[in-house]
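The structure under discussion appears below in the form of C-alpha cells.
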Amino acid sequence: MFPVLLNEILAENLHKMVVSAPRIARARKPGQFVIVRLDQGEERIPLTIGDSDAESGTITLFIQAVGASTRRIVNTPAGGALRDVAGPLGKPTHIENFGRVVCVGGGVGTAVLFPLVKALAAADNRITTIVGGRSSHYIILADELAPLSEKFLVTTEDGSIGIKGFVTAPLAEILADRHRRPQAVFAVGPVPMMKAVAELTRPYKVETVVSLNPIMIDGTGMCGGCRVQIGGETKFACVDGPEFDAHLVDFDGLSDRLTSYRKEEAARHAETDCKLGREVAP
Amino acid sequence: MKNDLTPKERLAIERTDMPELPANVRSGNFEEVNLGLTDEQALTEARRCLTCKSRACVAGCPVAVSIPEFIDALARLDLPLAARILRGDNALPAVCGRVCPQETQCEAQCVRGIKGDAVAIGYLERYVADWAMGHPGELIKEPVPAPSGRSVAVVGCGPAGLTAAGELARQGHAVTIFEALHDTGGVLRYGIPEFRLPKEIIDQEVALLTGLGVQIECNVIIGKTLTIPELREQFDAVFIANGAGLPTMLNIPGENLKGVYAANEFLTRVNLMEAGRREDSNTPVIKRREVAVIGGGNTAMDCVRTARRLGAERAMILYRRGEAEMPARVEEIKHAKEEGVEFIMLTAPLEIVGSEDRWVSALRCVRMELGQPDDSGRRRPMPIHGSEFEIPAGVVINAVGTGANPLLTASAPDLKLNKWGNIVADGTGATSIPGVFAGGDIVRGGATVILAMGDGKSAAAAINQYLKR
C-alpha cells in the first residue's frame, strides 16, 4: 500500500496528490512515470511523476480525472492509500544546457511538462514556458512554472486569460525571430497540439521533444500495447520513451490507436455517472 | 493398503482418461477444462505403475520428481506421504500437474509407453497436489529450517523464481522475491488462462511459500525501482528470473491497426486484469466475431481458446507449418479443436488489412508448403506463389513469440548477455557476476514453465553452495 499524504484540487478535475513511495522517490528522474492501480479489479494507469523528494520518500502526481479509473484515484483522500504504485518507468528526460528552450504545455500535459521545466531550469537553461488551455479553468501550475521560466505565457481558446488562441501562435512568433529562436523545444499535451508544434519547429530544424501517452498496461515492455511508430520503426513508449524526437513521431497513428477503447470507455463512463448519481441520492 | 499387484495385473489396467467439462459448455466460460481424477481413478492409475528400478521417468523430469515413489505411496493410499515426496521435489506440483508437457517429458520415458500407454503421471501429480491443498491438517509438517543468516533476492515471481525461493527457504535462507507486476505468479497468472490453471491454484502454491517465510514484494521493477548492483549490496546472492516478455513483432503492414494485439497484451488484459471475465473489470478487451491468432505454440492456443470464450464465432489458428510441426501441447490442440477452434495450417500472414477507420478487417495470407529441414530440424515453410487469399478478421493476435526484455539488463552493465540479449548463465545458473545467478526465459528465450522451474531448482542448489563457501 502506498499512503496518500496530500490530495489537493488545483483546478476542475485536476488533483495534486503526494504519495509515499520511498524507493520510487529515490530512483526517479524527470520524465519518468509510475503505473498506479487504485485497488483490486482496477485498471493500471500510467501517470507522470510530477516531482519527488528522496528525503521524505514521496512522489507528487498531477492527475486529471478524465476517465472512470482516474476519477476514482483522485477520490482517495489524504490518509487513504493507493494499492499499487510501480516505477519509476520510462527513460528519463535528456537534460543538458541547451541555451534557450521553449516549453509548451497543453491542458493536463502541463503537469507532465512541469518536472521537465524544473530540471531544465536547474541546468541553467533560459526557458520560455507557454501554457495553453480551453479557458482559465484549464490553466494549471502557473504559480509553479512562472518562477522557473524567464518568460511565462498563457493562451486560452476563449481568451478568458492570457492570449486568445492556441499555444502555437506565440511559439511561431518566437521561432520566426532569429534572436529568440530556441535551441530546443519540449512539448506535452494533446496529440494534435504536439503534432502542430512538431510541424512548426521542423522547418527551423529545432530539436523538439514530445512526451507520448499511448494505451499501456504493464509499463515494462511486456505487452506491446503502447507501440508507436518513430521514424518508421516500432518503439514501445513505456521502455523506449515516453519522450521521443517529435519530428519522427507518427502522430496520426498514435491518436488513432488512442481511440481503440472509446466505445468501452463511454459505456463505463455512463455506468460510473449512474452509480455516482445513486450514491448522492438521499 | 498394500501396493502388491503382480506386473501382469498392473499391465492389464488401461490408462485412465481425464474427466473434462463438455466442450460446448466450457467454450462459453472460463472454468477449468480438466476436472481432475476421481479417487478411484487415481488409485487405479497409480497401480499401473511398475515402480521399475530404472526410474526413467525421473530422468525425464526437469525437476527430478521422485515419481515412482510418490505414485507408490498413492497406490498404498498413503496420501500424506505421497504429498510429502511430491512437494519435497517440486515447489509447484498443482501447477505442474496442469501445465507440464508430460507427454514429452516424464511420460515419454515411461517404460509402459514402449508397448501401450504411459502411466498418467501428470494426472496423478495433480491429484496428489490437489489432495494436499484440500487436506492441510493431514499433511506431514515440514520442519522449520534453522535460519542460515544468509539472504537471497529473487527477481521475478514466476515459475523459476517461485521454485528457487522455495528451495532456498527450505535451506534456511531469508528469501525476498521482487515482482514487477501487482500480483504474484508471473506468466502463470498473466499468461496462462484460468481454464487451464485457475488463479486459486497459484494463490495456494504461493501461500505455501510465504508460509515457509518467503517474502514477496510486488510493484518492484528491478532495473528501475532497484538495480542489480543495489540488490547485490543488500543481499548475499541474487537469482534473476524476470522472464522474457518483449513481444516479437510480425513486421508486416497493418500491425498498428486497432484490433491487433500482441499475445501478451491480450492475455494480460483477460488473465491478470480480468477483462471480459468479470463484469466489473475496469480493463476493456476488444471482442469480435472473427479472431485470427498467428502462431502454433501454447501461447497461441491460450489466445485462441480465450477469444472463443469471449464470444468469437470464428476463432482461428494460423500457422505457417503443418499441425505435426506445431510446438503446442497435444492436449491444447485437442481441446482447442473440441471447442470449435479452426486450424488453418500452412498459412502465413502477409498483411493485416484495415477498414477506412483503421480497424482490422481481414488478414491477407499466402499458402505455404514444406521444403527441406532448416536449422531447427523442422521442414522450412515456403510460400506458394499466386496462392494469396484473405480471411475476414476483426481481431488479430500475434502469438509468434517473445524476446529478451532489456529493462533489467540495461541497469547491470557487468552482466554478460548473448546476441539476443539473454543473460549468459552456465549449467548451474551462474552469471558473469559472482553471486548473481539467472534462469528461466531470460536465459533460455521463450521456453516452458517446467524448464524454468528446473532452472530455479538447480540455481537454488548452486546458490546454496555459493553461500556455504
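Heads up: the sequence lines are chains C and S, in that order. For the first sequence, my numbering begins at 1 and goes up steadily by one. For the second sequence, my numbering begins at 283 and goes up steadily by one. Don't be surprised by glycine CBs; every beta carbon is placed ideally from N, CA and C. Values in this document were obtained by computation on a predicted structure and should not be read as measured data.
Asked                                                                                                                                                                                : Found
Is it right to say Glu8/C is buried, meaning 16 or more other beta carbons lie within 10 angstroms of its own, or is it exposed?                                                     : exposed
Tell me, please, whether the CB atom of Gly225/C is closer than 7 Å to any CB atom in chain S?                                                                                       : yes
With 7 Å as the C-beta to C-beta threshold (strictly closer), list the residues of the segment 208-241 of chain C near chain S in chain order.                                       : Ile217, Asp218, Thr220, Gly221, Met222, Cys223, Gly224, Gly225, Arg227, Gln229, Thr234, Val239
Closest Cβ-Cβ distance between Ala743/S and chain C: below 7 Å?                                                                                                                      : no
Measuring only the C-alpha atoms, how far is Lys205/C from Val249/C?                                                                                                                 : 15 Å
Give the interface partners of Val85/C over in chain S, defined as CB-CB distance under 8 Å, in chain order.                                                                         : Asn501
For Thr684/S, write down the residues that DSSP places opposite it in a beta bridge.                                                                                                 : Pro529/S
Shorter than 7 Å from the beta carbon of Gly80/C to some beta carbon of chain S?                                                                                                     : no
Out of Pro383/S, Gly419/S, Met415/S, Trp413/S, which one is the CA nearest neighbour of Ala402/S?                                                                                    : Pro383/S
Leaving out five residues on either side along the sequence, give the residues of the same chain with a beta carbon under 7 Å from the beta carbon of Ala644/S.                      : Val635, Glu672, Ile673, Pro674, Ala675
Give the secondary structure of Pro511/S by DSSP, where H, G and I count as helix, E and B as strand, and everything else as coil.                                                   : helix
How about Asn241/S: is its C-beta nearer than 7 Å to some C-beta of chain C?                                                                                                         : Here chain S has residues from 283 to 751 only, and residue 241/S is not among them.
Taking DSSP's pairing of strands, which residues face Lys91/C in a bridge?                                                                                                           : Partner(s): none; Lys91/C has no beta bridge.
What residues of chain S sit near Ser255/C, judged by a beta carbon separation below 8 Å?                                                                                            : Result: empty, since nearest Cβ-Cβ is about 10 Å, beyond 8 Å.
Should Ser56/C be flagged as near chain S, meaning a C-beta pair shorter than 7 Å?                                                                                                   : no
Does the beta-carbon of Pro535/S have 16 or more other beta-carbons within 10 angstroms, so that it is buried, or is it exposed?                                                     : exposed
What residues in the segment 520-533 of chain S bring their beta carbon closer than 7 Å to a beta carbon of chain C?                                                                 : Gly527, Leu528, Pro529, Met531
Any C-beta of chain S sitting closer than 7 Å to the C-beta of Ser260/C?                                                                                                             : yes
If we call anything under 7 Å between Cβ atoms a contact, is Ile73/C one with Leu120/C?                                                                                              : no
Provide the residue span of the beta strand (DSSP E) that contains Asn7/C, from first to last.                                                                                       : 2-11
So, at 6 Å on beta carbons, what are the nonlocal neighbours of Glu279/C in its own chain, with the 5 sequence-adjacent residues on each side left out?                              : With a pLDDT of 34 at Glu279/C, under the threshold of 50, the modelled position of that residue is not reliable, and no figure is offered here.
Spell out a yes or no on whether the segment 600-607 of chain S and the segment 648-655 of chain S are touching, meaning 3 or more CB-CB pairs, one atom from each, closer than 8 Å. : yes
Could you tell me whether the Cβ of Val731/S comes closer than 7 Å to any Cβ of chain C?                                                                                             : no
If you follow the beta strand (DSSP E) that Gly636/S is in, where does it begin and where does it stop?                                                                              : 629-636
Could you spell out where the alpha helix (DSSP H) holding Thr367/S opens and where it closes?                                                                                       : The residue you asked about is not Thr; residue 367/S is Ile in the sequence shown. Per DSSP, Ile367/S belongs to the alpha helix (DSSP H) from 361-371.
Rounded to whole angstroms, what's the CA-CA distance from Ala65/C to Phe625/S? Just pull it up for me.                                                                              : 45 Å
So what's His455/S in DSSP terms, helix, strand or just coil?                                                                                                                        : coil
Is the Cβ of Pro192/C closer than 7 Å to any Cβ of chain D?                                                                                                                          : Within the model displayed, chain D is absent; protein chains C and S are what it includes.
So with CB distances below 8 Å, who are the chain S contacts of Glu243/C?                                                                                                            : Simply none; closest approach about 16 Å.
Taking 8 Å as the cut-off, does the segment 580-589 of chain S touch the segment 609-628 of chain S (at least 3 CB pairs, one atom from each stretch)?                               : yes
Applying the 10 Å Cβ sphere with the 16-neighbour rule, what's the burial state of Ala122/C?                                                                                         : exposed
With Gly132/C as the anchor, note down where its beta strand (DSSP E) starts and where it stops.                                                                                     : 126-133
Any beta-carbon of chain S closer than 7 Å to the one on Ala25/C?                                                                                                                    : no
If you follow the alpha helix (DSSP H) that Met583/S is part of, which residue opens it and which one closes it?                                                                     : 580-591
Would you say Asn580/S faces chain C, with C-beta separation under 7 Å as the test?                                                                                                  : no
If you drop the 5 nearest sequence neighbours on each side, which residues of the same chain put their C-beta closer than 7 Å to that of Trp702/S?                                   : Gly685, Ala686, Gly727
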